[in-house]
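There are 2 protein chains.
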Amino acid sequence: MADLVYRKVMHDLKQKIMANAFPNKRLPDERSLSEQYSVSRSSIKRALKILADQGIIFKKRGSGTFINPLFMKNKTIFHYEGSNLGITDSLKSQGMTPKIKLLSFKVIPANEELQQDLFLSPGDFVYEIKRLRSFDNQPFMIETGFIPIKIAPELSQDIVSGSIFNYIEEKMNKRVTRSFLSILASPSDKTDQELLNLSVNEPVGIMEGIFFLDDGTPFEVSNMRLHYKYLRYNTFVMLDDY
Amino acid sequence: MADLVYRKVMHDLKQKIMANAFPNKRLPDERSLSEQYSVSRSSIKRALKILADQGIIFKKRGSGTFINPLFMKNKTIFHYEGSNLGITDSLKSQGMTPKIKLLSFKVIPANEELQQDLFLSPGDFVYEIKRLRSFDNQPFMIETGFIPIKIAPELSQDIVSGSIFNYIEEKMNKRVTRSFLSILASPSDKTDQELLNLSVNEPVGIMEGIFFLDDGTPFEVSNMRLHYKYLRYNTFVMLDDY
DNA sequence: AAGTGGTCTAGACCACTAC
DNA sequence: TAGTGGTCTAGACCACTTA
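Residue numbers (our numbering), protein chains in the order written: chain A, 1012 to 1253; chain B, 1012 to 1253.
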């Protein structure tokens, strides 16, 4: 995957942007980039499109391509980034060592809400997986996930003690490529305070979401309660009507 | 704008999909579409890419292009797409009556951070606008906005007591179409507690963002502190590329 | 093996911005 | 007018799925 032309260009430009290789906050024009990288202008455009979709750069027709200044900020702090679906990979890409502690692992009948969210029928069962995620001995997230047993019949205590998404991709040869997320804030409860080392007036950030496989099947409903210092959800909204 | 090839194809296909013109939930292959529409395959791909980004279709390499069954079953899932950036409109569409109380309105020199975020030069000035938003007599948001005076030289106390975005669109004939948002949680401070009727252990949700005009010009830097019960940010994440 | 989507090229022409 | 990004084409070859 990593040998694709547009991906290489995209990654290289991203790296250069972060290394402040363009102090004037402006990228070379597309035709020059095409020459520099010895690739077609189309490939340059494709790489730039991705960076633009991620909000890292923006283009002004007739004028040039510029770096979004807000993207450069807050890079020193650890945070969960909206651009990655999996928590494990999200942490790894930031050089963190993720750790997972399994709190509980059960099979329960899906209630009505889960039936709706996961397109299940009455009587269907789901795994209920509670986990505590940490990095560098700092717990930052309590995660409760629900997965239909018929989608992943072979889940074991061993598997769910690691990255479930990686298991799905490597062993089941499917990809988790979409999710609906809700993000909100809430006072912490006793469990939060104990597990996440929070004082009573410190809140949690909550992410609720449904994750989908690449064929459109809803795969997991997840409720994530995060230490408030470790949630920063970045998102780029475009209203350019297609 | 509507005469672009890929847009026409995209709209036409979208309409056909909704009219159930593909009962087998499968689109013709790209080469056939290219012939049917008498456009290049690249243009077909571009149209399909947009539909895929919107979650309407998904592609399977070697197999074909298929209609997302979820799109037909539950269209509310994709609801965030039509949503508006402006708070005022966002509330109105939910049947709420928004109210704005102007807390302060000043002109100050842009500090270094604002200069960067808003593409300003040293010595440039910005408006600093602090407002409290309520609906049905329930205050829910403290908003601090910074807008370059050179972008909107005619801002008055009267204007900023209402919807600034609406003013921009109606009087200045520009559109706010993009924003870069960070969402996080934080304990409330004394001001939050007073203005938003929060107790000490109740948090705020924070949205920090830069809003851009449709030509890419950064228009406003905004810091929004929300009563935690009134922040729920919904988003749809796709990882198909990258 | 046939058919599908994915990647990439080289180049033409258009639309907008800056000077 | 010169330079920028935007659109579009025609075609080559690759990677994957299905039979």
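Note that CB positions come from ideal geometry on N, CA and C, so glycine has one too.
is_contact[residue i, chain A] using C-beta, thresh 7 Å
{"i": "Asp1203(B)", "result": "no"}
{"i": "Pro1164(B)", "result": "no"}
{"i": "Glu1180(B)", "result": "no"}
{"i": "Gly1073(B)", "result": "no"}
{"i": "Glu1123(B)", "result": "no"}
{"i": "Arg1144(B)", "result": "no"}
{"i": "Tyr1048(B)", "result": "no"}
{"i": "Ile1140(B)", "result": "no"}
{"i": "Arg1243(B)", "result": "yes"}
{"i": "Ser1190(B)", "result": "yes"}
{"i": "Met1012(B)", "result": "Reliability fails at Met1012(B), whose pLDDT of 47 lies under 50, so the model's placement of it is uncertain and the value that follows must be treated cautiously. Output row for Met1012(B): interface = no."}
{"i": "Val1211(B)", "result": "yes"}
{"i": "Asp1023(B)", "result": "no"}
{"i": "Gln1126(B)", "result": "no"}
Alpha-carbon spacing of residue i relative to residue j, whole angstroms
{"i": "Arg1142(B)", "j": "Phe1157(B)", "result": "12 Å"}
{"i": "Asn1196(A)", "j": "Val1050(A)", "result": "According to the sequence as given, residue 1196(A) is Ala; it is not Asn. About 46 Å."}
{"i": "Ser1174(B)", "j": "Lys1110(B)", "result": "10 Å"}
{"i": "Met1012(B)", "j": "Thr1155(A)", "result": "Caution applies to Met1012(B), whose pLDDT of 47 falls short of 50 and renders its modelled position unreliable; the model cannot decide the point."}
{"i": "Leu1224(B)", "j": "Asp1064(A)", "result": "16 Å"}
{"i": "Gly1075(B)", "j": "Tyr1017(B)", "result": "19 Å"}
{"i": "Gly1093(B)", "j": "Ser1190(B)", "result": "For Gly1093(B), the predicted model reports a pLDDT of 32, less than 50, meaning its position is unreliable; a value from the coordinates is still stated below. The alpha-carbon atoms of Gly1093(B) and Ser1190(B) are separated by roughly 15 Å."}
{"i": "Ile1170(B)", "j": "Leu1125(B)", "result": "22 Å"}
{"i": "Pro1039(B)", "j": "Lys1019(B)", "result": "17 Å"}
{"i": "Asn1035(B)", "j": "Lys1070(B)", "result": "15 Å"}
{"i": "Lys1112(A)", "j": "Glu1123(A)", "result": "29 Å"}
{"i": "Ser1043(B)", "j": "Lys1027(B)", "result": "16 Å"}
{"i": "Glu1144(A)", "j": "Phe1082(A)", "result": "Checking the sequence, you will find Arg at residue 1144(A) rather than Glu. If I take the Cα positions, the gap works out to 26 Å."}
{"i": "Lys1025(A)", "j": "Asn1031(A)", "result": "10 Å"}
{"i": "Gln1168(A)", "j": "Tyr1239(A)", "result": "29 Å"}
{"i": "Gly1066(B)", "j": "Arg1186(A)", "result": "15 Å"}
{"i": "Asp1014(A)", "j": "Ile1153(A)", "result": "36 Å"}
C-beta atoms of residue i and residue j nearer than 7 Å
{"i": "Tyr1077(B)", "j": "Arg1037(B)", "result": "Here residue 1077(B) is Phe; the residue named in the question, Tyr, does not match the sequence. Contact: yes."}
{"i": "Ile1061(B)", "j": "Ser1045(B)", "result": "no"}
{"i": "Leu1129(B)", "j": "Pro1229(B)", "result": "yes"}
{"i": "Phe1136(A)", "j": "Pro1120(A)", "result": "yes"}
{"i": "Leu1192(B)", "j": "Gly1220(B)", "result": "yes"}
{"i": "Asp1203(B)", "j": "Val1215(B)", "result": "yes"}
{"i": "Leu1209(A)", "j": "Ser1199(A)", "result": "yes"}
{"i": "Ile1218(B)", "j": "Ile1179(B)", "result": "Checking the sequence, you will find Met at residue 1218(B) rather than Ile. The answer is no: Cβ separation not under 7 Å."}
{"i": "Ile1140(B)", "j": "Phe1116(B)", "result": "yes"}
{"i": "Phe1222(A)", "j": "Glu1231(A)", "result": "yes"}
{"i": "Met1029(A)", "j": "Ala1058(A)", "result": "no"}
{"i": "Tyr1048(A)", "j": "Phe1151(A)", "result": "no"}
{"i": "Pro1159(B)", "j": "Leu1131(B)", "result": "yes"}
{"i": "Thr1188(A)", "j": "Thr1246(B)", "result": "no"}
{"i": "Gln1149(B)", "j": "Pro1080(A)", "result": "no"}
CB contact below 7 Å: residue i versus chain B
{"i": "Thr1246(A)", "result": "yes"}
{"i": "Ser1193(A)", "result": "yes"}
{"i": "Ser1043(A)", "result": "no"}
{"i": "Ala1196(A)", "result": "yes"}
{"i": "Pro1214(A)", "result": "yes"}
{"i": "Arg1007(A)", "result": "Look at the range of chain A in this structure, 1012 to 1253, and you will see that residue 1007(A) is not part of it."}
{"i": "Tyr1017(A)", "result": "no"}
{"i": "Val1137(A)", "result": "no"}
{"i": "Gly1066(A)", "result": "yes"}
{"i": "Pro1080(A)", "result": "yes"}
{"i": "Glu1092(A)", "result": "For Glu1092(A), the predicted model reports a pLDDT of 45, less than 50, meaning its position is unreliable; a value from the coordinates is still stated below. Cβ-Cβ to chain B under 7 Å: no for Glu1092(A)."}
First through last residue of the beta strand (DSSP E) which encompasses residue i
{"i": "Ile1068(A)", "result": "Ile1068 to Lys1071"}
{"i": "Thr1155(A)", "result": "Gln1149 to Pro1159"}
{"i": "Ser1051(A)", "result": "Looking at the DSSP string, Ser1051(A) is not in any beta strand (DSSP E), and its letter there is neither H nor E."}
{"i": "Lys1112(B)", "result": "Pro1109 to Pro1120"}
{"i": "Val1171(A)", "result": "Neither: Val1171(A) is in no beta strand (DSSP E) and is coded neither H nor E."}
{"i": "Thr1202(A)", "result": "Here Thr1202(A) belongs to no beta strand (DSSP E); instead the alpha helix (DSSP H) covers Lys1201 to Leu1207."}
Extent of the continuous alpha helix (DSSP H) to which residue i belongs
{"i": "Val1016(B)", "result": "Val1016 to Met1029"}
{"i": "Glu1213(A)", "result": "Unbroken run through Glu1213(A): none, as it is neither H nor E."}
{"i": "Glu1165(A)", "result": "Here Glu1165(A) belongs to no alpha helix (DSSP H), and DSSP marks it neither H nor E."}
{"i": "Leu1125(B)", "result": "Glu1123 to Asp1128"}
{"i": "Phe1176(B)", "result": "Ile1175 to Lys1182"}
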